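For the record, in the sequence shown the residue sitting at position 511 is 511 according to full-length UniProt numbering, with numbers rising by one throughout.
Notes follow the structure.
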Amino acid sequence: MVEEKSAPKASSNTELAPNAIVNEVLKRNNYDTWKVQMERYLKEHALWDIVNGTVSEPAEETWRQKNEEALKAIRDSCGPQKLSSIKKEVLAKDAWDRLASLCQHNGKGKFVPKATRNTELAPNAIVDNVLKRNNYDAWKVQMERYLQEHGLWNIVNGTESDPADITSETWRQKNTEALKAIQDSCGPQKLSSIKKEILAKDAWDHLASLSHHKGWAGDDYMSYLSLCNAAAKGDWERTKSYFPGVQDAVNARVSISNGTLLHIAASNGHVHIVQELVKLMSVVALELKDKYGSTALSVAAANGSTRIAIPMVITDKNLLCIRNSFEFIPVVMAAANGNKEMVYYLYSKTPDEELNPDTGNNSGALLLTSLITADMFDVALDLVERYPNLSTKGDFHGVPALVALAKKPSAFPSGCIKVQSSHSIEGNIENPKDEVPDIENPCEGSRRRGHVIFKAVPGINNIYQLKLKHNQALELLKSICRSLPISNDSEVIDNLNQKQNDPTVIDMGINAIVEATKHGIVELIVHIIRSYPFMIDALSEKKQNIFLSAISYRQEGIFNLLKGMHARKNESDITDEPRDNMLHLAGMLAPSSRLSNISGAAMQMQRELQWFKEVEKLVLYPMDKEQKNQAGKTPRELLTEEHKELVKAAEKWMKGTASSCMVVATLIATVMFAAAFTVPGGNHGETGIAIFLDDNSFLVFIIADALSLFSSSTSVLMFLGILTSRYTEDDFLTTLPRRMIIGLATLFFSLTTMTIAFAATLFIILHERITWVAIPVSLLASIPISLFALLQFPLLFEMITSTYGSGIFNEKTEPLY
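Given below as C-alpha cells:
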C-alpha cells in the first residue's frame, strides 16, 4: 500500500522540499530565482569553482569528488523536464551551461529581456517581492535585514569609509555585492532609475527619495496634469481647488520632471503660489529633488527671484545646504547663473560650515570661482577675507580663484579697451570694501555719498560701473595674493620648473601667469611676482618664460613691463621647446584674437612688423638674427613664411581702399576744374571778368575751389602710388600707411572745400532775393562731410597714431618691486 502511494523515483529526486537546496526545483519559468539560490548553495559548499570553470580539470580524486557533488546538487534541484536535458552530462560545468542556454528563452520561444530575468526574483531569494511602485516600506525592511546579515549595511548607510579615501579592495568588493543585491531586488521600472549608479549608498538613497511620496499613477494622472497646468499658469484658486480630490497633491511629485508643485511655481516665477504652498508642505516635501537633483530653492536660485526664495529659506534653512546633481548648493547655483540679488540674499543666509574649506566642503571654492566668472567681485572679496584658505582651493574643474581671475581680462584695465574718462569720475570711485553692498539690503550700498547723481547719467554711469569693477577685481587680487602661503625656501627657486616643492601654489601661480600673459593682464602678473619673485622665471608648457610668452601672445603691456625693468637675463639666448629664440617668436603670426582688434589687414601687417622691429632691437648678438630654428629657418624667413596670407590680404585691402577713394578724388578734381571756368553769376560779355568779382562770397568760392582741386589732385596721386607699389613686407611698415594717410587726409580736405565752394555759390546767386534758402541748403551739404568723418576718421586717426604716434611700446613702466 505504501508502495502504491509513493512517488516515482524521478519525481522524488527533483521535487525537493523548500530550503533543502532551493525553494523550488528548476522549471520552465523560474530559472533566475533558481540560479541565485543554486549559486549561493554551491559557493557555501565550495563547489562554485567547479561549475564556473575557474578550476581546470585535474587528475586528482579531489576534483572528481567535487564534480560529482556539484553535479548531484544540480540534478537534485531540477524538475523532471530539465533533468532529462542534462542526464547525459558528466561534468557539473557542462550541466550548468546547458541549463543556462535552455533557460534563456521561455516556453513559447520568446526571448525574455535581461532586465526581467534579473529583477523578477522569486520570494525569499533576497526579498519576498521585488521593489515596485507601492511596496517600498516592506521591501526596505527585508532588504535592510539581508544587508545586515551579509555585513553590507555599513556600505549602504554610509558609516563605512568614503570610497574616495580608501584604497583597499575589500571596500570595493562589498560595494559591488551590496549594489548587486539592491539591483537584483528591484522591479524593471525601479532598476532603470538606478542603473547609472556605481555606489550602493547612492542607489539606496535614490530609491528612498523616489518612493517617499506617490507620483503620477492610475486614476490620479489627469488630476495631476490639470493641477500642474494651473500651477504653471499662476492660478492659485484653481490650483487649490484640486487639493481635496487629489490625494496628497501638495507633497506629491506631480511634474514630468519628477518635481513637486513648488518646483513648478518656482520655475515659473509665481511668488504668491510659492508662499501658499510653503505654508502647506511638509519639511520633507520641501527638500524633495526633481530628476535633475534640484530642490525648489535651487530652481529659484537659478531663476533669480529672491521673493520666491525667502519663504522657503525661512521655513527650512537646511535647503541652503542641499546639493544638486552638479554638487551646487543654491548660492552657487545663483552665482553660476549671474543672479546678483539672489547671491546677496543666499550668501547672507548660507551657514559658515558650508563655505568654510576647513570643514571639508568644496562649496566655498565653487562659489568663489562662480562669483569671479559672474563679475561679482564684491562678494568674492568678502568671501576670501572670511576664508583665506579658499584662495588655493579649486572648483570641480580644479580651477582655483587666481586662475579664474587670470581668465577675466575685462576685470582689469590692462585687459580691456581703455575707457577715456575724466579724472573726477575716477577719483570719486569708492574703496571696493566700502562698496560691498549690505547683504541684507543690496540696494543700500549704491545710495551713499551722492553716487545716485552719477548713476542718473547713462554715459557716466557706464564708466563708473566699469571702473568700480576694475577696482573691486584689483582688491580681490591683492587679497588672494596676501592669503597665499609664503615660502622663502631657496630650493623652491631651484626646483621651480620641476615643481618639486610646494606644488599646489607653484602650479597655481604658473597657470595663473600663463593665463594672465595670454590675456595681457599686467596687474595680475605684477602682484603674483611681488608675492613670489621667483615666479618671474617660471616656464609654460611650451618652455617659454613670461617675457617670451608676452612676445608670442603679442601682449605689449607685459612686454613693456619686463623690458622696462630689465627683467630679462639674456633673452636672445633663451629659446622655447622648438629652439625658437625671441626673434623667431616675433616672426610668427600673432594669435587671431590679437589681430582682430586692429582695423584692416594692412594695419595688422604693420603691427606685426613693429613687433619684429622692436624685438630685434633687444637682440644682443648679430648672429642671433641669423640663427636657425629646428625647422631650419631664420627669424626673417619665418616672418615671410608665416605672413604670406596676411601680406596678400593687406595688399588686397590697400588696393581696394585706394581704388574706391581714387574714384571719389577724381570726380572732385573734375568738378572743381570745370567750376573754375563756369563761375557763379557769369562774366561780363566784353571783358570776361566775373560779375561778382568784388563780392566777398566770390572770393570764398575761388579759394575753396582752388584748394579742393589741388587737394583732390594730391589725393589721386597718393592713391595711384599705392596701386603701383611693390607691396613688399617692409612697405607696410611706413611707406604704404604714409601714402594712405596723405590720400585720405587730402580727400577729406577736398570734400570739405568743395562743400564750401558750393555754399558760396548758392549765397552769391540767392543773396539778393531769398537769402534764407542758402543757409539750410548749405547745412544739408555738410552731411557728406559728417558721414565721411564718421566712417573714415577712426581709420585715419588709427593710422596716424600707429605710424607717427608714440606707439604701443612704452619705455616708462612702474617698478615691479
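By construction, the Cβ of each residue, glycine as well, lies at the ideal position given by its N, Cα and C atoms.
Quick caveat: nothing in here was measured; it's all calculated off a predicted structure.
How many whole angstroms separate the CB atoms of Pro311 and Val274, which I take to be in contact at a CB cut-off of 8 Å? 6 Å
So, for Lys190: in the same chain, excluding its five sequence neighbours on each side, which residues have a beta-carbon less than 6 Å away from its beta-carbon? Leu131
Roughly how many angstroms lie between the CA atoms of Ser85 and Ile155, to the nearest whole one? 42 Å
Is the beta carbon of Gly743 closer than 8 Å to that of Ala658? yes
Close Cβ partners of Phe788 (< 7 Å) along its chain, the five nearest in sequence each way excluded: Phe748 and Leu751
Counting pairs of Cβ atoms below 8 Å between the segment 618-632 and the segment 713-726, do you hit three or more? Contact between the segment 618-632 and the segment 713-726 is absent, because fewer than three Cβ pairs lie under 8 Å.
For Ile525, collect the residues of the same chain with a Cβ closer than 8 Å to its Cβ; drop the 5 residues on either side in sequence, then sort them by chain order. Ile513, Ala516, Thr517, Ile546, Ile558 and Leu561
Span of the alpha helix (DSSP H) holding Thr176? Element bounds for Thr176: Glu169 to Asp184.
Given a threshold of 16 other Cβ atoms within 10 Å of its Cβ, counted over all protein chains shown, does Val379 qualify as buried or as exposed? It counts as buried.
Distance check for Gly656 and Glu729, CA to CA, integer angstroms please. Computed Cα separation, rounded: 18 Å.
Taking only runs of the alpha helix (DSSP H) that begin and end inside the UniProt domain "PGG" (651-764), which ones reach a length of at least 4 residues, in chain order? For the alpha helix (DSSP H) assignment, the uninterrupted runs of no fewer than 4 residues enclosed by the UniProt domain "PGG" (651-764) are, from N- to C-terminal side, 696-723.
What number of angstroms, rounded off, separates the C-alpha of Gly79 from the C-alpha of Leu26? 5 Å
At 4 residues or longer, what runs of the alpha helix (DSSP H) sit wholly inside the UniProt domain "DUF4219" (133-157)? 136-149 and 153-157
Relative to the C-alpha of Phe534, which candidate in His519, Gly509 and Thr176 has its C-alpha closest? Comparing Cα positions, the closest option is Gly509.
CB-CB under 6 Å to Leu262, same chain, minus the five flanking residues each way: which ones, in chain order? Short of 6 Å from the beta carbon of Leu262, and not among the five residues preceding or following it, lie these beta carbons of its own chain, in chain order: Leu277 and Ala296.
Are the C-beta atoms of Ala73 and some chain D residue less than 8 Å apart? As a matter of chain content, chain D is missing from the structure shown, which is built from one protein chain.
Quick one: give me the first and last residue of the alpha helix (DSSP H) that Ile126 is part of. First-last for Ile126: undefined, no H or E at that position.
What does the alpha-carbon distance come out to for the pair Ala706 and Val700? Their backbone Cα atoms lie some 10 Å apart in a straight line.
How far does the alpha helix (DSSP H) with Pro400 in it reach, from first residue to last? No alpha helix (DSSP H) contains Pro400, which DSSP labels as neither H nor E.
Using three-state DSSP, classify Leu791 as helix, strand or coil. helix
With DSSP as the reference, label Leu539 as helix, strand or coil. coil
Same chain, Cβ closer than 7 Å to Trp236, five either side skipped, listed in chain order: So the list reads His272, Ile273 and Glu276, once near-sequence residues are dropped.
Count the C-beta pairs between the segment 730-742 and the segment 666-677 that are closer than 8 Å, then say yes if the count reaches three, no if not. no
May I ask you to list the residues that DSSP assigns as paired with Leu26? Cys78
Can you have a look at Phe328 and say buried or exposed, based on whether 16 or more other CB atoms are within 10 angstroms of its CB? Label assigned to Phe328: buried.
With DSSP as the reference, label Leu620 as helix, strand or coil. coil
C-beta atoms of Ile785 and Thr755 nearer than 8 Å: yes
Among all the DSSP beta bridges, which residues are the ones paired with Leu131? Cys186
Local conformation of Gly557 per DSSP, three classes: helix
So, under 8 Å CB-CB, Leu585 and Ser552 are touching, yes? Tell me the CB distance rounded to an integer number of Å. Sure, about 5 Å apart at Cβ, within 8 Å.
Going by beta carbon distance, what residues of the same chain come within less than 6 Å of Leu638, once the five residues before and after it are set aside? His584 and Gly587
The alpha helix (DSSP H) enclosing Asp94, as first and last residue numbers: Unbroken alpha helix (DSSP H) run through Asp94: Ala92 to Leu102.
What does the alpha-carbon distance come out to for the pair Met333 and Gln555? Inter-residue distance for Met333 and Gln555 is about 35 Å (C-alpha atoms, whole angstroms).
Close Cβ partners of Ile425 (< 8 Å) along its chain, the five nearest in sequence each way excluded: Interpretation of Ile425 is limited by its pLDDT of 43, a score under 50 that renders its predicted location unreliable; no figure is taken from the coordinates.
If you count every other CB in all the chains shown that lies within 10 Å of the CB of Lys174, and 16 or more means buried, which is it? buried
Between Ile372 and the rest of its own chain, which residues show a CB-CB distance below 7 Å, the 5 nearest in sequence each way excluded? Ala380, Ala401, Ala404, Leu405 and Lys408
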